[in-house]
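Structure, as structure tokens:
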Amino acid sequence: MTLLSESELKQVSEAIDRIERDTDAELVTVLAAQADDYRYIPLLWASLLALILPGALLFFTGWLAAWQLLLVQWLTFVVLAVVFRIPSLTSRLIPRSVRHWRACNLARRQFIELNLHHTVGGTGMLIFVSEAERYVEILVDQGISSRIDDSVWQSIVDTFTEDVRNGQVLEGFLTCIETCGSLLKQHVPATHERNELPNHLVVLP
Numbered sequence: 001m002t003l004l005s006e007s008e009l010k011q012v013s014e015a016i017d018r019i020e021r022d023t024d025a026e027l028v029t030v031l032a033a034q035a036d037d038y039r040y041i042p043l044l045w046a047s048l049l050a051l052i053l054p055g056a057l058l059f060f061t062g063w064l065a066a067w068q069l070l071l072v073q074w075l076t077f078v079v080l081a082v083v084f085r086i087p088s089l090t091s092r093l094i095p096r097s098v099r100h101w102r103a104c105n106l107a108r109r110q111f112i113e114l115n116l117h118h119t120v121g122g123t124g125m126l127i128f129v130s131e132a133e134r135y136v137e138i139l140v141d142q143g144i145s146s147r148i149d150d151s152v153w154q155s156i157v158d159t160f161t162e163d164v165r166n167g168q169v170l171e172g173f174l175t176c177i178e179t180c181g182s183l184l185k186q187h188v189p190a191t192h193e194r195n196e197l198p199n200h201l202v203v204l205p
């Protein structure tokens with residue numbers, strides 16, 4: 001199941017086509033549903049609470065025998081491991097730093113896997129979005145970073161991130177692509193016609 005409709009995917013592809021006519025940059029866009037399934041998170045929290053809660057009960061009441069303590073710990077772990085798998089609860093258990101760390105790692109893997117580091121002149125550029133984490137990042141190769149300071153992309157990322165938070169993923173992509181296109185046209189203008197990488201939006205489930 002794609003995160004955007006076929007017509008919306010086509011709009012993104014057409015936007016990339018337009019800006020690449022005026023720049024040597026090779027732009028690739030990636031949209032991920034989420035950066036990780038976080039299956040370990042419910043188990044981690046269940047394990048932690050299974051150790052703490054029965055121990056606290058023993059400390060305050062003193063009535064648990066050793067075998068009863070183990071039983072309560074196992075029951076606590078099993079119940080919480082199941083309950084914490086409810087998606088709405090799981091998302092609340094994941095620290096923001098962990099979500100962004102996983103999304104950041106995925107963005108860098110995509111940059112390598114899509115061969116953005118092997119373009120002629122080092123002009124690869126990735127616009128990456130992970131919807132579940134509300135995470136947006138722009139990664140560029142040395143051919144672009146040597147001409148445009150990395151800090152320039154931050155305001156574009158901030159605007160796009162707000163669009164993602166508001167559920168306006170398509171609008172965010174189109175605005176981001178056009179804004180980046182203006183900068184690339186100015187600082188990395190087209191010197192010859194080429195198209196090394198696919199222009200369609202890469203969607204990760």
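Following the UniProt record's numbering, the residues of the sequence shown are numbered contiguously, the last one being 205.
Ideal placement from N, C-alpha and C gives every residue a C-beta, glycine not left out.
Quick caveat, the model's predicted, so the values are computed rather than measured.
One or two residues paired with residue i in a DSSP bridge
i, result
"Thr-29", "Ile-127"
"Thr-23", "Pro-189"
"Val-202", "Val-30"
Terminal residues of the alpha helix (DSSP H) in which residue i lies
i, result
"Ile-19", "6-20"
"Glu-162", "152-165"
"Gln-168", "It is not in any alpha helix (DSSP H) - Gln-168 carries neither H nor E in the DSSP assignment."
"Ser-146", "Here Ser-146 belongs to no alpha helix (DSSP H), and DSSP marks it neither H nor E."
"Leu-106", "96-113"
Continuous beta strand (DSSP E) stretch holding residue i: start and end
i, result
"Glu-137", "135-140"
Residues of its chain near residue i, where Cβ-Cβ distance is below 7 Å and the 5 sequence neighbours each way are ignored
i, result
"Val-164", "Val-129, Glu-131, Arg-134, Val-136 and Gly-172"
"Phe-111", "His-117, Leu-126 and Leu-139"
"Pro-205", "Ala-33"
Test: residue i CB closer than 7 Å to a CB of chain C
i, result
"Glu-14", "Checking the listed chains, one finds no chain C in this structure; it contains a single protein chain."
Other residues of its chain near residue i: CB distance less than 6 Å, five sequence neighbours each side excluded
i, result
"Leu-197", "Glu-26 and Val-28"
"His-200", "Ser-13"
"Met-1", "For Met-1, the predicted structure reports a pLDDT of 38, less than 50, and the residue's modelled location is therefore unreliable. A value from the coordinates is still provided. None."
"residue 207", "Absent from the model: residue 207. The displayed extent of the chain is 1 to 205, so no value can be given."
"Thr-15", "The sequence given here places Ala at residue 15; Thr does not occur at that position. Around Ala-15: Leu-174 and Ile-177."
"Asp-17", "Asn-199"
Other residues of its chain near residue i: CB distance less than 8 Å, five sequence neighbours each side excluded
i, result
"Leu-3", "Leu-31, Ala-33, Glu-131, Val-169 and Val-203"
Would you call the segment 81-96 in contact with the segment 33-41, where contact means no fewer than 3 C-beta pairs closer than 8 Å? Counting Cβ pairs under 8 Å, three or more are found: they touch.
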